[in-house]
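Chains as they are written, first to last, in this note's numbering: chain A, 1 to 113; chain B, 114 to 228. Backbone N, C-alpha and C fix where the C-beta goes; we use that ideal spot for every residue, glycine too. Here is the structure we will look at.
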Amino acid sequence: QQQVKQSPQSLIVQKGGISIINCAYENTAFDYFPWYQQFPGKGPALLIAIRPDVSEKKEGRFTISFNKSAKQFSLHIMDSQPGDSATYFCAASRRQAGTALIFGKGTTLSVSS
Amino acid sequence: DAGVIQSPRHEVTEMGQEVTLRCKPISGHNSLFWYRQTMMRGLELLIYFNNNVPIDDSGMPEDRFSAKMPNASFSTLKIQPSEPRDSAVYFCASSQDAGKAYGYTFGSGTRLTVV
């Protein structure tokens, strides 16, 4: 119940295309769903996050779609650019104190020019 | 702000040796996390401190691993004795209020190789 399952493991997208990464969770107590972006040699950095009271959140070219009934959420990167090439992690946690983020295994995105 | 500072950046050690990884969190952050990253298992939570107190250490693999946070500005992760399967990138992260509003800030990691 603590797992967050992420797919695909790797993704190749042409410049200008849409990148889509999916995550699924089982624990219905989870109520905070962030996405992190990691470049080689660096630690992950918070990209965008959503709470389950909304179905979508958009920040620039990045959008999170959330489906509470299916216990799934996804990251969409519009107009993908070579600079978006990185590893993306979804995560989940309960909002209450004393809990830490559980991360998916990551998706390596390559945007070809 | 210098961010979360980890040292060393790289560590190569022989099996059986003691390894100590260090972390300086961002000033004012009251939560600190140690994660381990491998290709097979992704990012695994090892231990989580809140206000210098260990809250959840269920991810610590076994007794060979120990972590301390003697004050708000310093934490260590120790492996004794080290084994080849401990080879991974170890990340420290810190946050305000367990990161629920502002997220985690990760350090650049320590790449540990045990030969």
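Item to check | Residues of its chain near B/F162, where Cβ-Cβ distance is below 6 Å and the 5 sequence neighbours each way are ignored | outcome: L145, M182
Checklist entry - Any idea what DSSP makes of B/D170, helix, strand or coil? => result Reduced to three states, the DSSP call for B/D170 is coil.
Checklist entry - If you follow the beta strand (DSSP E) that A/K105 is part of, which residue opens it and which one closes it? => result Run containing A/K105: none; DSSP gives neither H nor E here.
Item to check | chain A within 8 Å of B/S186, Cβ atoms only | outcome: no
Item to check | Residue range of the beta strand (DSSP E) that includes B/K181 | outcome: 178-184
Checklist entry - A/F30: buried (16+ other C-beta within 10 angstroms of its C-beta) or exposed? => result buried
Checklist entry - Going by DSSP, which residues form a beta bridge with A/K5? => result A/A24
Item to check | B/N163 - containing beta strand (DSSP E), residue span | outcome: 155-163
Checklist entry - Are the region 192-207 of chain B and the region 124-131 of chain B touching by the rule of at least three beta carbon pairs closer than 8 Å? => result yes
Checklist entry - So what's B/R149 in DSSP terms, helix, strand or just coil? => result strand
Checklist entry - In angstroms, rounded to a whole number, what distance separates the CA positions of A/A92 and A/N27? => result 9 Å
Checklist entry - What does A/F103 reach in chain B if we use C-beta pairs closer than 7 Å? => result G155, L156
Checklist entry - From B/F178 to B/L156, what distance separates their C-alpha atoms? => result Each residue's alpha carbon lies about 17 Å from the other.
Next on the checklist: Quick check on A/R95: does DSSP put it in helix, strand or coil?
Outcome noted: Of the three classes helix, strand and coil, the one that applies to A/R95 here is coil, per DSSP.
Next on the checklist: In the DSSP output, which residue or residues are listed as bridge partners for A/Y32?
Outcome noted: Looking at the DSSP output, A/Y32 sits in a beta bridge with A/S93.
Checklist entry - Near A/F39, what residues of its chain come up, given a Cβ to Cβ distance below 7 Å and the 5 sequence neighbours on each side ignored? => result A86
Next on the checklist: Is there a C-beta anywhere in chain B that falls below 8 Å from the one on A/L109?
Outcome noted: no
Item to check | A/R61 in three-state terms, based on DSSP | outcome: Of the three classes helix, strand and coil, the one that applies to A/R61 here is coil, per DSSP.
Checklist entry - Can you name the start and end residues of the beta strand (DSSP E) that B/F187 belongs to? => result 187-192
Checklist entry - Which residues of chain B have a Cβ atom closer than 9 Å to the Cβ of A/A92, listed in chain order? => result Under the 9 Å cutoff, chain B gives no residues; its nearest Cβ is about 12 Å from A/A92.
Item to check | Residue of A/L46, A/S19, A/K15 minimising C-alpha distance to A/F103 | outcome: A/L46
Item to check | Beta-bridge pairing of A/Y88 - partner residues as DSSP gives them | outcome: A/Q37, A/T107
Next on the checklist: Check this for me: beta carbons of A/K15 and A/Q81, under 8 Å apart or not?
Outcome noted: Contact flag set, yes.
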